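For the sequence shown, this note's numbering gives the first residue as 1, with consecutive numbering after it.
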Amino acid sequence: MSVSSFHPPERILMGPGPSDVNPRILEAMARPTIGHLDPMFVALMEEIKSLLQDTFLTKNKLTMPVSAPGSAGMETCFVNLVEAGDTVIVCQNGVFGGRMKENVERCGATAIMVEDDWGKPVDPNKLEDALKAHPEASTVAFVHAETSTGAISDAKTLVKIAHDYDCLTIVDAVTSLAGSELRVDDWDIDAIYSGTQKCLSCTPGISPVSFSDAAVERIQNRKTKVQSWFMDLNLVMGYWGEGAQRSYHHTAPINALYAFHESLVILQEEGLENSWVRHDANHQALKAGIEAMGLGFFVDEAYRLPQLNAVTLPEGIDEAAVRKILLSRYNLEIGAGLGPMAGKIWRIGLMGYASNQQNVLTCLGALDAVLTDMKAKIESGKAVNAALEVFA
Ligand SMILES: *Cc1c(COP(=O)(O)O)cnc(C)c1O
1 MSVSSFHPPE RILMGPGPSD VNPRILEAMA RPTIGHLDPM FVALMEEIKS
51 LLQDTFLTKN KLTMPVSAPG SAGMETCFVN LVEAGDTVIV CQNGVFGGRM
101 KENVERCGAT AIMVEDDWGK PVDPNKLEDA LKAHPEASTV AFVHAETSTG
151 AISDAKTLVK IAHDYDCLTI VDAVTSLAGS ELRVDDWDID AIYSGTQKCL
201 SCTPGISPVS FSDAAVERIQ NRKTKVQSWF MDLNLVMGYW GEGAQRSYHH
251 TAPINALYAF HESLVILQEE GLENSWVRHD ANHQALKAGI EAMGLGFFVD
301 EAYRLPQLNA VTLPEGIDEA AVRKILLSRY NLEIGAGLGP MAGKIWRIGL
351 MGYASNQQNV LTCLGALDAV LTDMKAKIES GKAVNAALEV FA
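Structural data, given as structure tokens:
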């Protein structure tokens with residue numbers, strides 16, 4: 001058998017993640033590997049934690065990257081804060097709320113589901129009703145930005161209600177971090193996790209997390225050991241925590257952390273709030289183009305994510321065939337619908353480095369050309385100009 005090196009094509013990544021990676025980040029990743037207890041590496045870890053605090057807008061000491069993708073950040077939050085026999089209220093308005101339920105049940109706890117229609121935000125009144133009906137609940141979990149539908153929920157309000165009923169909160173910010181306003185300390189969030197491959201535009205495989213003092217207190221006062229050895233924060237902190245006597249826990253993904261550090265430096269250079277503004281501006285241009293084409297959005301404007309655009313399909317069009325042509329002819333990846341949304345929407349991501357003017361115009365031009373070619377019922381030839389007007 002003859003094998004050779006793998007050379008991937010250069011795609012434009014405009015799906016639900018991973019998003020386009022800034023070449024600076026790929027370059028950082030290719031730098032020499034050093035030891036995970038090397039003093040130079042330890043200094044880098046400290047800088048990562050500090051940059052991450054700035055990104056989450058928190059002073060939480062327990063703020064660090066988990067050495068695994070966003071789903072592992074989710075699991076880290078649940079296995080550390082939830083014990084067998086607990087009751088957790090899980091708000092679900094898309095795919096990822098369902099994954100939270102799985103986590104709760106695997107901890108041996110009971111999940112009380114607060115369900116909202118897909119494409120709608122979590123309803124604070126329904127959460128409050130569930131808290132009244134379940135005074136035994138100790139934790140509330142919800143997704144800030146539902147990537148499966150493109151809807152954002154009011155995290156600040158949901159956290160406040162949870163605290164009124166003495167619950168700690170677990171918030172999924174995988175898609176919201178760096179793309180939408182998110183303030184961990186101001187909003188009083190207890191446990192939060194994100195991912196590197198969405199609006200941070202880093203390579204996949206790292207999950208930033210942060211825990212408030214109240215969350216840390218609960219972790220330290222658990223009755224039982226955390227069921228996962230790898231994710232037990234009491235142990236992980238021996239490596240990531242403060243102080244000189246760092247000890248081996250697992251071998252950190254050194255080069256992936258170079259990449260993550262670079263992504264945080266890039267964000268710092270741009271400014272967090274400027275990044276939120278850029279995500280919104282590019283969304284506005286894409287929206288003008290999509291609407292000029294005669295297509296619509298699945299989610300109401302009031303709670304639509306700028307970084308994840310769920311676009312409804314033209315009548316009678318095979319959405320998978322369109323994505324296939326976009327990929328093969330334009331090297332452009334957009335996302336399909338997930339779960340019940342499969343075959344009903346496209347998910348066009350404008351995340352991180354991919355959220356730029358060129359990508360908006362390329363995507364609109366390509367979609368317009370492919371759909372026109374398929375004789376879809378759209379307004380041909382208008383999308384790009386509509387977006388250009390917004391940019392002007
Ligand atoms: C992508 C995503 C995840 C999972 O992240 P992975 O890195 O794929 O494990 C979790 N929650 C939301 C909202 C996401 O968009």
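Even for Gly, the Cβ is constructed at its ideal location relative to N, Cα and C.
On a predicted model such as this, the values are computed, not experimentally measured, just so you know.
Buried/exposed call for residue i, threshold 16 Cβ in 10 Å
i	result
Gln92	buried
Glu263	The question names Glu, but residue 263 is Ser in the sequence shown. By the 10 Å Cβ count, Ser263 comes out buried.
Lys198	buried
Leu375	The amino acid at residue 375 is misidentified as Leu; the sequence shows Lys. Flag for Lys375 reads exposed.
Arg31	exposed
Tyr353	buried
Tyr393	Beyond the ends of the chain as shown, which are 1 and 392, falls residue 393; an answer cannot be given.
Val174	buried
Ala387	buried
Asn80	buried
Ala321	exposed
Asp116	buried
Ser180	buried
Ser2	exposed
Asn394	Look at the range of the chain in this structure, 1 to 392, and you will see that residue 394 is not part of it.
Ser328	exposed
Asp172	buried
Ser4	exposed
Heavy atom of ligand 3 within 7 Å of residue i beta-carbon
i	result
Ser153	Inclusion of ligand 3 in the displayed structure is not the case, the ligand content consisting of ligand 1 alone.
Whole-Å CB distance - residue i paired with residue j, under 8 Å assumed
i	j	result
Asn282	Val360	5 Å
Leu200	Leu44	Contact doesn't hold; Cβ gap of about 17 Å is too wide.
Glu242	Gly15	About 38 Å; that fails the 8 Å criterion.
Gly108	Gly85	7 Å
Leu350	His279	6 Å
Thr203	Ala162	At roughly 33 Å, the Cβ-Cβ gap does not stay under 8 Å, so Thr203 and Ala162 are not in contact.
Ala191	Ile170	5 Å
Thr149	Phe41	No, Thr149 and Phe41 are not in contact; Cβ-Cβ is about 40 Å, not under 8 Å.
Ala155	Ile189	7 Å
Residue i vs residue j beta-carbon contact at 8 Å
i	j	result
Ile266	Asn22	yes
Lys126	Val114	yes
Lys377	Pro314	yes
Ile152	Pro124	no
Thr362	Ile25	no
Val104	Val95	no
Asp185	Thr58	yes
Leu272	Ala178	yes
Asn309	Met29	no
Tyr239	Met74	no
Glu10	Asn331	yes
Trp118	Val159	no
Leu168	Ala215	yes
His36	Thr372	no
Trp276	Glu319	no
Val88	Ala111	yes
Glu128	Ala288	no
Neighbourhood of residue i by C-beta, 7 Å cutoff - its chain only, sequence neighbours within 5 removed
i	result
Arg222	Glu83
Met293	Asp368, Ile378, Glu379, Lys382, Ala383
Phe391	Ala285, Gln357
Thr157	Pro124
Val370	Val322, Ile325, Leu326
Pro451	Only positions 1 to 392 of the chain appear in the structure, and residue 451 is not among them; the question remains open.
Gly98	Gln92
Gln268	Leu51, Asp54
Chain-order list of residues whose beta-carbon lies under 8 Å from that of residue i (same chain, five-residue window excluded)
i	result
Thr63	Lys49, Leu52, Gln53, Phe56, Pro208, Val209, Ser210, Phe211
Ala342	Ala336
Gly296	Ile290, Val311, Thr312
His261	Ala28, Leu44, Glu47, Ile48, Leu51
Ala130	Ile89, Ile112, Val114, Ala137
Lys101	Val90, Gln92, Ala111, Met113
Close-in-space but distant-in-sequence residues of the same chain around residue i (CB under 6 Å, 5 per side omitted)
i	result
Pro253	Ser67
Ser176	His144, Ala145, Leu182
Thr76	Val66, Val209, Met231
Ser228	Val79
Val226	Val79, Asn80, Asp232
Tyr165	Leu131
Arg246	Tyr239
Whether or not the region 141-148 and the region 300-313 are in contact is what I'm after, with contact meaning three or more pairs of Cβ atoms, one per stretch, closer than 8 Å; do they touch? yes
For the region 11-26 and the region 218-235, state whether three or more C-beta atom pairs, one from each stretch, are separated by less than 8 Å. no
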